[in-house]
Amino acid sequence: MRIELSNPELPLRPQVELDGLWHRYRGAASTGDWTLRDIQFQLRPGELVGLLGPSGCGKTTLLRLIAGFEQPDRGVVRIGGQEVAGPHRWLPPERRGVGMVFQDYALFPHLDAWRNACFGLRRGQDSSRAAWLLELLGLKGLEHRYPHELSGGQRQRLALARALAPGCSLVLLDEPFSNLDVEVRLRLRAELPGVLARCGASGVIVTHDPEEALAICDRVAVLESGHLHQCASPQELVAAPATAFVGRFVLQSNLLPASWQGSTLTTAFGALEAPAGVQLPSPSEADDLQVLVSPRGILLTPDDNAEAWVLGREFLGREWLYQVQCGQGRLRLRLPLEHDYNRGQRCRLRLRAGEPVRLFPAGVDLVAAAATAPL
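Each residue of the sequence shown is one higher than the last, beginning at 47 in my numbering.
This is the structure in structure tokens:
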């Protein structure tokens, strides 16, 4: 999926560079009400990078800043090494050479599929690429149909064809699969990396679905409240989440209070021995720790006298996903099908022996890892 270098010693110039990017919408309630804060980010040629995070975290705003629909308050946006937004220059969207795929497709209802696909072409520009894209995306034979005569998946393919037809080397996608049914969504997202590779294009895709981002992206940038917590490959995110938020949002891990007693990590649900070589927290942090534990790392046992109870469960095919209320917090547990508990049933929780964990001091980034294997 990545473009190979003919000479590995000469690195390719980043397709997109965001350098110290800050943004605040006009009329914000306070000067501290930033949508994005000091974003540092690079998109490499041939990459598909996902912008992942909860609603309102700044994903779409970041996409709009790259496209040119918004202007940054501070920082610089470069595309292909050229400054397109910053203190010294502003380039409008139509001059950035960027293709955009919107969440609602934004097709022109009065134009048929062929004219929609060719809409971004310059006068006199060869339309053979548009014809090739329609065939590549399974739309050959539908050129004379109007958007209302196409299915949701066909409209999404047409929007992608229109974005790529002018020969753009950069495509931005704003939650492109959110309005599709599950089967079509899974099929289209699996096709996307291959289509971009065939076109020699890089892509940035906005999503709030961790599974989607990990499945198709070369790297994933995790945002929360305007902060970029981590930008790494799916494997790196799973093996080494940089912050507690990444562990909770991306991996659906549980964040538990913990403390060190000698070399033992103590939680409300059991104790874990620190493996050899683990860097222990300083004494000032040792009594104020939080630990990330995966949903498969906590066991559930019926107990009528326990203070935790089952809120509900979901059937995932080969296991159950339980939501458990414990004190003021909720835990996610993934258990084998033989663990069959009902809603409202009281239960006792305990950690699995040797469960891999990652340690965080409250409100601070990763300090130490106590793990026999990656999370």
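Heads up, the beta-carbon is just placed ideally off N, CA and C, and yes, glycines get one too. Fair warning: this is a prediction, and the values are worked out from it, not measured in the lab.
- As summarised for the region 288-313, the continuous beta strand (DSSP E) elements at least 3 residues long and confined to that stretch are 300-307, 310-313, given in chain order.
- Looking from the CA of PRO91, the closest CA among GLY246, HIS273, GLN336 belongs to GLY246.
- Under the three-state reduction of DSSP, HIS275 is assigned to strand.
- In this structure, the beta-carbon distance from ALA131 to PRO118 falls below 7 Å.
- Residue burial is scored here from C-beta neighbours: ASP172 has fewer than 16 other C-beta atoms within 10 angstroms and is therefore classed as exposed.
- Here THR106 carries a helix assignment [DSSP, helix/strand/coil].
- Across the structure, PRO155 and LEU180 are spaced so that their CA atoms are roughly 18 Å apart.
- Pairing GLN391 with GLN371, the inter-Cα distance amounts to about 11 Å.
- Segment contact: the region 367-387 against the region 276-292, fewer than three CB-CB distances shorter than 8 Å; contact not assigned.
- LEU274 places its beta carbon 7 Å or farther from that of SER299.
- Annotation: TRP136 is outside any beta strand (DSSP E) and is labelled neither H nor E by DSSP.
- Under DSSP, LEU64 takes part in a beta bridge, and its partners are PHE87, VAL123.
- Annotated three-state conformation of ARG142 is coil, per DSSP.
- A straight-line Cα-Cα distance of about 42 Å links LEU67 and GLY358.
- Only exposed fits ASN351, as fewer than 16 other CB atoms lie within 10 angstroms of its CB.
- DSSP places PRO212 outside both helix and strand once states are collapsed to three, so it counts as coil.
- Boundaries of the beta strand (DSSP E) harbouring TRP355: 354-361, taken from the DSSP string.
- Excluding five sequence positions before and after VAL122, the CB atoms of its chain that fall closer than 8 Å to its own CB belong to GLU63, LEU64, ASP65, GLY66, LEU67, GLU129, ALA131, GLY132, PRO133, given in chain order.
- Buried is the label assigned to PHE87, since at least 16 other Cβ atoms lie within 10 Å of its Cβ.
- Inclusion of PRO348 and ARG380 in the CB contact set at 7 Å is not warranted, their separation being larger than that value.
- For GLN369, the enclosing beta strand (DSSP E) starts and ends at 365-372.
- Per DSSP, GLY96 is not a residue of any alpha helix (DSSP H); the beta strand (DSSP E) it occupies stretches across 94-98.
- Annotated three-state conformation of SER174 is helix, per DSSP.
- In this structure, GLY104 places its C-beta atom within 7 Å of the C-beta atom of LEU269.
- Inter-residue distance for LEU242 and LEU311 is about 47 Å (C-alpha atoms, whole angstroms).
- By the neighbour-count criterion, in which 16 or more other beta carbons inside 10 Å mark a residue as buried, TYR387 falls on the buried side.
- Residue pairing by DSSP puts VAL252 in a beta bridge opposite LEU97, ASP220.
- Check the Cα spacing between ALA304 and each of VAL296, GLU195, GLY316: the tightest is with GLY316.
- Boundaries of the beta strand (DSSP E) harbouring ARG396: 392-397, taken from the DSSP string.
- If you look at PRO239, you'll find it in the alpha helix (DSSP H) that goes 228-245.
- Non-local C-beta neighbours of THR81 in its own chain, meaning closer than 7 Å and more than five positions away in sequence, comprise HIS69, ARG70, TYR71, GLY104, THR107, GLY272, ordered along the chain.
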